[in-house]
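Asker: For the sequence shown, position 214 (counting from the first letter as 1) is numbered 213 according to numbering that gives the first Met the number 0, and the numbering increases by one without interruption. Built from N, CA and C at the ideal position, the CB exists for glycine as well.
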Amino acid sequence: MPAATGSNANSSRYDRSTAAMTKQKVGLIGAGLMGHGIGKNIVTKGYELTVLAHRNRAPIDDLVAKGAKEARSPREIAEKSDVVILCVTGSPQVEETLFSKDGLLEGLRSGMIVADCSTAEPESTLKVAAAIEAKGARFVDTPLVRTPKEAEEGKLGVMTGGDEKVLAEIRPIIECFADTIIHAGGVGAGHTLKLINNYIAIGTAAVVAEGIVAGLKAKVDMKALNDIAMAGGARSVMFERIIKVPLSDDDTAAKFAIDNARKDMRYYTTMTQSLPLSSFVAEAVHQTLVLGATHGYGDRYVPRLVNLLCQLNGVKL
């Protein structure tokens, strides 16, 4: 545990040598679909965990029942933790958590570590990291791949950006919920890699959905499409997830909302514009997701792009 001298923990300095021998106290902000699994695996593997409620109390109540403590503000999370994990929607939420009144920044102390598992814009990540480091704390970006199912199982993939020594300090915590940990480079590199990875995955989802709807309109047998795709070059994780919609009306293999995918694609196209880099396909994928949001599919999972495209093309699913 960190050494906390005196009665005011907020003024104490994080003791790295002590932390190396004992388990750090962990704070979690963002116990949603992915965050609940992260928190569950941390607290059930013996770490002291403090969590913060947002809109949905169910995951918080479950974590508290498993031994977590509940805080009332991001500031309190920081004051009670040695390592704070953020798992919120995106950069605006990260910045609000950090900079608002009673925000995380107000509770940080020297030597602490903030790990951001959110999908964020690299430019924002650099600003956030600079503010954290100005308080004497340390920052790594640690975005995730895979689904809530793997989060619950403790089998997520994590991309990291930042100092490898900082990563080494929190690696035992990350290993509670991840079986794949990749170091991408300096601060912001993890979030950059995440955007590229998500573009490839979401772009594939859009292509697969369009191909499936073409097959439906042409009266192709969906089992035949599945069998030939799985036997050849069209095979992919996204195909396996999305073909379940026409085969069994199942969208649970990819519990990722179309609105979140739209947000991630906007982050990606903003990044490519700043490089600068032409990204024609990405723009088309982004607009497909915008179309989904404007037609009432924003809260539905990405496999429901099949339903959207069927609706737009007069195809009965």
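Could I get the ranges of all uninterrupted alpha helix (DSSP H) runs contained in the region 260-307, with 4 residues as the minimum, in chain order?
Answerer: Runs of the alpha helix (DSSP H) inside the region 260-307: 279-293.
Asker: May I ask you to list the residues that DSSP assigns as paired with Asp140?
Answerer: Its beta-bridge partners are Asp115, Gly160.
Asker: Please state whether DSSP places His190 in a helix, a strand or coil.
Answerer: Helix at His190.
Asker: So, is Leu276 buried or exposed, given that buried needs 16 or more other C-beta atoms within 10 angstroms?
Answerer: Burial call: exposed.
Asker: What are the boundary residues of the alpha helix (DSSP H) that Asp250 is part of?
Answerer: Unbroken run through Asp250: none, as it is neither H nor E.
Asker: List the DSSP bridge partners of Lys134.
Answerer: According to DSSP, which records beta bridges pairwise, Lys134 is partnered with nothing at all.
Asker: By the 10 Å Cβ neighbour count, where 16 or more other Cβ atoms means buried, how is Met229 classified, buried or exposed?
Answerer: Counting Cβ neighbours within 10 Å, Met229 comes out exposed, since fewer than 16 surround it.
Asker: Do you know how far the Cα of Ile201 is from the Cα of Ile173?
Answerer: The straight-line gap from Cα to Cα measures roughly 25 Å.
Asker: Please identify the residue among His182, Val305, Gly29, Asp298 whose C-alpha is closest to the C-alpha of Val87.
Answerer: When only C-alpha atoms are compared, the closest one is Gly29.
Asker: If you draw a straight line from the C-alpha of Glu209 to the C-alpha of Val289, how long is it?
Answerer: Distance between the alpha carbons of Glu209 and Val289: 15 Å.
Asker: Which term fits Pro302, buried or exposed, when burial requires 16 or more other beta carbons within 10 angstroms of its beta carbon?
Answerer: With 16 or more Cβ atoms within 10 Å of its Cβ, Pro302 is classed as buried.
Asker: Could you tell me which of Asp178, Ala167, Pro245, Arg71 sits nearest to Asn40, measuring between CA atoms?
Answerer: Looking at the Cα atoms, Asp178 is the closest of the given residues.
Asker: Straight-line CA distance for Ala281 to Met264?
Answerer: Going by the C-alpha atoms only, they are around 7 Å apart.
Asker: Mind checking which residues open and close the alpha helix (DSSP H) that includes Leu224?
Answerer: Where Leu224 is concerned, the enclosing alpha helix (DSSP H) stretches over 221-230.
Asker: Please state whether DSSP places Thr124 in a helix, a strand or coil.
Answerer: Helix.
Asker: Got a sec? Which residues, its chain only, sit under 6 Å from Thr191 by beta carbon, not counting five neighbours each side?
Answerer: Once the five neighbours on either side are set aside, the close Cβ partners of Thr191 are Pro121.
Asker: The alpha helix (DSSP H) with Lys148 in it runs from where to where?
Answerer: Run containing Lys148: 147-152, per the alpha helix (DSSP H) assignment.
Asker: How many Å lie between Gly313 and Gly291 at the Cα?
Answerer: Between Gly313 and Gly291, the C-alpha separation is close to 15 Å.
Asker: Is DSSP giving Val87 helix, strand or coil here?
Answerer: Residue state, collapsed to three classes: coil.
Asker: Between the C-alpha atoms of Gly102 and Val50, what's the straight-line distance to the nearest angstrom?
Answerer: Those two C-alpha atoms are separated by around 14 Å.
Asker: Which residues mark the beginning and the end of the alpha helix (DSSP H) in which Leu32 is found?
Answerer: 32-43 is the span of the alpha helix (DSSP H), which, as asked, contains Leu32.
Asker: From what residue to what residue does the alpha helix (DSSP H) around Ala77 run?
Answerer: Residues 73-78.
Asker: So, at 6 Å on beta carbons, what are the nonlocal neighbours of Lys154 in its own chain, with the 5 sequence-adjacent residues on each side left out?
Answerer: Around Lys154: Asp178.
Asker: The beta strand (DSSP E) spanning Ala183 covers which residue range?
Answerer: From DSSP, the beta strand (DSSP E) with Ala183 extends over 177-184.
Asker: For Ile131, which of Lys164, Pro142, Ala77, Thr146 has the nearest alpha-carbon?
Answerer: For the residues Lys164, Pro142, Ala77, Thr146, the minimum Cα distance to Ile131 belongs to Ala77.
Asker: Gly317 lies in the beta strand (DSSP E); which residues open and close that run?
Answerer: Residue 317 is absent from the structure shown; the chain starts at 0 and stops at 316.
Asker: Buried or exposed: where does Pro142 fall if 16 or more other Cβ atoms within 10 Å of its Cβ makes it buried?
Answerer: So Pro142 counts as buried.
Asker: Find out if the Cβ-Cβ distance for the pair Thr336, Met158 is shorter than 9 Å.
Answerer: For the chain, the structure presents residues 0 to 316; residue 336 sits outside this window and is missing.
Asker: Is it the case that the Cβ atoms of Ile257 and Tyr198 are separated by a distance below 9 Å?
Answerer: No, they are not a contact pair.
Asker: Is it buried or exposed for Thr96, if we count other Cβ within 10 angstroms and need 16 for buried?
Answerer: Label assigned to Thr96: buried.
Asker: Any idea if Asn55 is buried or exposed, counting beta-carbon neighbours within 10 angstroms, 16 or more meaning buried?
Answerer: Result: exposed.
Asker: For Arg137 and Ile37, I'd like the C-alpha separation in whole angstroms.
Answerer: The straight-line gap from Cα to Cα measures roughly 21 Å.
Asker: Quick one: is Lys193 buried, meaning 16 or more other Cβ sit within 10 Å of its Cβ, or exposed?
Answerer: By the neighbour-count rule (16 or more Cβ atoms within 10 Å), Lys193 is buried.
Asker: Tell me the DSSP bridge mates of Ala70?
Answerer: Its beta-bridge partners are Leu51.
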